[in-house]
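Below: one structure, written as structure tokens.
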Amino acid sequence: MKSLNDKIEQLKNISNKKLDPEKEKLFLQAIKELEMSEQAKGIKVGDKAKDFILPDQNQKQVRLFDLLKNGPIVLTFYRGGWCPYCNLQLRAYQEILDKIHELGASLVAVSPQKPDRHTYKSLIDGLTFTVLSDENNEVSKLYHVLYELPEYLVKPYQELGINLELENINRKWILPSPATYIIDRTGLIVHANIHSDFKKRMEPEHILSILEILN
Numbered sequence: 030m031k032s033l034n035d036k037i038e039q040l041k042n043i044s045n046k047k048l049d050p051e052k053e054k055l056f057l058q059a060i061k062e063l064e065m066s067e068q069a070k071g072i073k074v075g076d077k078a079k080d081f082i083l084p085d086q087n088q089k090q091v092r093l094f095d096l097l098k099n100g101p102i103v104l105t106f107y108r109g110g111w112c113p114y115c116n117l118q119l120r121a122y123q124e125i126l127d128k129i130h131e132l133g134a135s136l137v138a139v140s141p142q143k144p145d146r147h148t149y150k151s152l153i154d155g156l157t158f159t160v161l162s163d164e165n166n167e168v169s170k171l172y173h174v175l176y177e178l179p180e181y182l183v184k185p186y187q188e189l190g191i192n193l194e195l196e197n198i199n200r201k202w203i204l205p206s207p208a209t210y211i212i213d214r215t216g217l218i219v220h221a222n223i224h225s226d227f228k229k230r231m232e233p234e235h236i237l238s239i240l241e242i243l244n
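According to the working numbering, the stretch in the sequence shown is residues 30 to 244, in order.
Pasting the structure below:
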């Protein structure tokens, strides 16, 4: 069976063949600039998780620390349903959801996307874990994973059919870096996986191995 990052590598190779070389250079430039900046570095292992309340896909208000009463939490930030890499990641996490539950943990995903957008609906169709909408990016700010896309990426994104003014609730060209945190039942961050490169994601098996240790 292919790993998540094998699938991502396959998608990346297909996308690169279709992508205009000039656009590819701009995307690589933006990733490098983000790596070199102080933006979206995340909170660290050993830090206390930040509590929050956000609406889920059914418009129910969900509080993080209420979920912690039931056990550890896998908290992942994703860019939106329009992002094919996010689609691969969340569907891979769905495949291990039963194992996550067997280990006494919960899975929670957060994005700035409008819940009524078709790209959002197409992503969460078939997902049975909690998916939250971060309306003003307040939670992404709390976890220090938020960054603003450079202006030179706006047109390339639009030419690819992606308009964050329509996708994001706050209508801004701001996104969370892909980040996955594992929070133990005391509220401590025991693992932090954060990437400036949006094509890199935490492997499902890595999540399970950490939860097994906590269990």
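Backbone N, C-alpha and C define an ideal beta-carbon position, used for all residues, glycine too.
query	result
In the structure shown, what three-state DSSP assignment does E177 receive?	strand
Consult DSSP for A208 and reduce its assignment to one of helix, strand or coil.	strand
Which first and last residues belong to the alpha helix (DSSP H) in which A121 is found?	P113 to E124
Are the CB atoms of F81 and Y122 nearer to each other than 9 Å?	no
Can you tell me the Cβ-Cβ gap for L83 and S162, rounded? I've got them flagged as a contact below 8 Å.	6 Å
Whole angstroms is fine: what's the gap from F227's alpha carbon to K77's?	25 Å
Is it true that the CB of Y149 sits closer than 9 Å to the CB of P207?	no
Do G110 and Y210 have their C-beta atoms within less than 9 Å of each other?	no
For the alpha helix (DSSP H) holding Q39, just list the boundary residues, first then last.	L33 to K47
Beta carbon of Y107, beta carbon of A69: below 9 Å?	no
Looking at V174: is its Cβ nearer than 9 Å to the Cβ of I223?	yes
Can you name the residues that DSSP bridges to L132?	Paired residues: none, contrary to the question.
Look at the Cβ atom of I203, then the Cβ atom of Y176, and state whether they are nearer than 9 Å.	yes
Following the continuous beta strand (DSSP E) through L83, name the residue where it begins and the one where it ends.	I82 to P84
Based on the DSSP output, what are the partners of R92 in its beta bridges?	I82
Nearest to K61 by alpha carbon, out of P179, F94, G133 and L97?	P179
So, is N166 buried or exposed, given that buried needs 16 or more other C-beta atoms within 10 angstroms?	buried
Please report the distance separating the alpha-carbon of S44 from that of L152.	19 Å
Name the residue from K143, E64 and S225 whose alpha carbon lies nearest to the alpha carbon of L193.	K143
Please state whether the Cβ-Cβ distance between Q118 and I37 is less than 9 Å.	yes
Give the secondary structure of H147 by DSSP, where H, G and I count as helix, E and B as strand, and everything else as coil.	helix
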